[in-house]
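This report refers to the structure that appears directly beneath it.
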Amino acid sequence: MSDLRFDPVSGHWTVIAGNRNDRPVEFLPLERVQKRLICPFCGGNEQETPPTKMMYASDGSQMESSPDENGNEHDRWSSRVVPNKYSAFCELKNFDERAAGAEEPLEGVPEVSTSKVAHGPYFRSALPGPQEIIIPSRRHILSMSSLYDDELKVLFRANQDRLQSMRDCETAKHAMLFMNCRSEAGASLEHIHLQLIGSPVVSEHLKRRVERNRLHLDTHKESLMASLLKWEIEQESRIIYQAKYFTVVCPFASRFPFQVWIVPNDPSVSFLEADEDVRDELAFMSRDVIRRLEEALDSPSYNFLMHMAPFGQMAADHWYLEFFPRTTRAAGFELGTDIWVNPIAPELAAKRLRS
Ligand SMILES: [Zn+2]
2 MSDLRFDPVS GHWTVIAGNR NDRPVEFLPL ERVQKRLICP FCGGNEQETP
52 PTKMMYASDG SQMESSPDEN GNEHDRWSSR VVPNKYSAFC ELKNFDERAA
102 GAEEPLEGVP EVSTSKVAHG PYFRSALPGP QEIIIPSRRH ILSMSSLYDD
152 ELKVLFRANQ DRLQSMRDCE TAKHAMLFMN CRSEAGASLE HIHLQLIGSP
202 VVSEHLKRRV ERNRLHLDTH KESLMASLLK WEIEQESRII YQAKYFTVVC
252 PFASRFPFQV WIVPNDPSVS FLEADEDVRD ELAFMSRDVI RRLEEALDSP
302 SYNFLMHMAP FGQMAADHWY LEFFPRTTRA AGFELGTDIW VNPIAPELAA
352 KRLRS
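Heads up, the sequence shown is in the working numbering, so the first residue is 2 and it goes up one at a time.
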């Protein structure tokens, strides 16, 4: 059972996720655990995960789940979506049905309260949040750089579909789409997968981001990211490359070495509404960024994530993808001050990634 706790000192929400103690431990030292022999995300092993929520064929079309008597899928899928077996928030069952307008609370679904409740000097909440895993290949591959063209396109179609579905879910105030790749990035299974978490609360961090965006928009009549992008294109030194719909850049105040953004050139294009051309370009650029990082840094662990404003506040925001190769760790100064020390200038990182 998960517990959502609020710390009034730092203003942070924390999920105390008790059920995650049972998570797969593939990356613990071999002497401490038995290596998993069956990968739950490989094609043919579908019975090892919760039942399929959605499957996509290699042309991007949605497929009906048709499991055999063992729970394995009959048909060859390209991307497959399953509920997260080890969810961080408490589980919300059947959020698709709820999004579709079910009037009566569904059995097993906790009632949603909109406010946190006092717990001594603290606050807590037991809000549910939908969570899914998106498996982008039936092949056992360890990085997004190994995805085929077709798999990539289908993956980004699936990402868009599932984000749209989460937007329509009343309990999700914000959605975070991300990938943890390799052990240092927090992956507990090596077969690559994306996670999509619908958060029932909007963190202070996100609220401040929305507020900064709104202030900039009011003052300058363009989004903050549009202003930054214009300046970066003039400066050139941190630009890795530009394409029709997106620009790849190492941000001016990078907190980590080789931090990379993929920013849409047109801030009015929402990922949720993006057409196939835009989606495909983003898919190929994402793989390209990871290939460049793997070449420059000898296949590091990495995270990438999609920054989006909370649902209902997206008009004032500018979404983008961010990549974090894990080459450094937070130490005392970073943990105590939230000011980060980055030993590699983004200008130098961009130069290395361009070549
Ligand atoms: Zn696998």
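Glycine residues also receive a C-beta, built at the ideal position from the N, C-alpha and C atoms.
- Here the alpha carbons of Pro68 and His175 stand approximately 32 Å from one another.
- Residue environment for Arg77: exposed (fewer than 16 other C-beta atoms within 10 angstroms of its C-beta).
- The set of residues with any CB-heavy atom separation to ligand 1 below 5 Å comprises, in chain order, Cys40, Phe42, Cys43, His141, His192.
- In the DSSP annotation of this structure, the continuous segment of the alpha helix (DSSP H) that includes Phe285 starts and ends at 277–298.
- Where Gln314 is concerned, there is no enclosing beta strand (DSSP E), because DSSP gives it neither an H nor an E.
- Excluding sequence positions up to five before and after Gly44, its CB lies within less than 6 Å of the CB of Arg139, all in the same chain and listed in chain order.
- Between the C-alpha atoms of Leu218 and Glu335 there is a straight-line separation of about 30 Å.
- Judged by DSSP secondary structure, Phe334 falls within the alpha helix (DSSP H) whose first and last residues are 333–338.
- Within the same chain, Cβ atoms closer than 7 Å to the Cβ of Glu233 are found at Arg239, Ile240, Val250, the five residues on either side in sequence being excluded.
- When DSSP states are grouped into helix, strand and coil, Thr220 belongs to the helix group.
- Here the segment 275–283 makes no contact with the segment 214–231; the two share fewer than three CB pairs at distances below 8 Å.
- Assigned with DSSP and collapsed to three states, Phe272 falls in helix.
- For Ala119, the uninterrupted beta strand (DSSP E) run begins and ends at 118–120, by DSSP.
- In the three-state reduction of the DSSP assignment, Asp8 falls in the strand class.
- Annotated three-state conformation of Trp320 is coil, per DSSP.
- Ranked by Cα distance from Ser144, the options Glu295, Ala316, Pro344, Gly313 are led by Glu295.
- In this structure, the CA atom of Arg330 is about 22 Å from the CA atom of Trp14.
- Following the DSSP letters along the chain, one finds Glu133 inside the beta strand (DSSP E) bounded by residues 132–136.
- The Cβ atoms of Leu273 and Gln132 lie no closer than 8 Å to each other.
- Spanning the alpha carbons of Pro201 and Asp299 requires a straight line of approximately 38 Å.
- By the beta-carbon neighbour count (other beta carbons within 10 angstroms, threshold 16), Val118 is exposed.
- For Met226, the enclosing alpha helix (DSSP H) stretches over residues 225–236.
- Straight-line spacing of the CA atoms in Ala297 and Phe259 works out to 9 Å.
- According to DSSP, Cys182 shares a beta bridge with Tyr303.
- Residue environment: Pro129 is assigned as buried (16 or more neighbouring CB atoms within 10 Å of its CB, all protein chains considered).
- For Thr338, the number of other beta carbons within 10 angstroms of its own is below 16, and it is reported as exposed.
- A distance below 6 Å between beta-carbons, with the five flanking residues on each side excluded, links Arg355 to the following residues of its chain, in chain order: Ile241.
- In the DSSP assignment, Val155 falls within the unbroken alpha helix (DSSP H) covering 150–168.
- Looking at the DSSP output, His192 sits in no beta bridge, so it has no partner there.
- Straight-line spacing of the CA atoms in Met315 and Glu70 works out to 44 Å.
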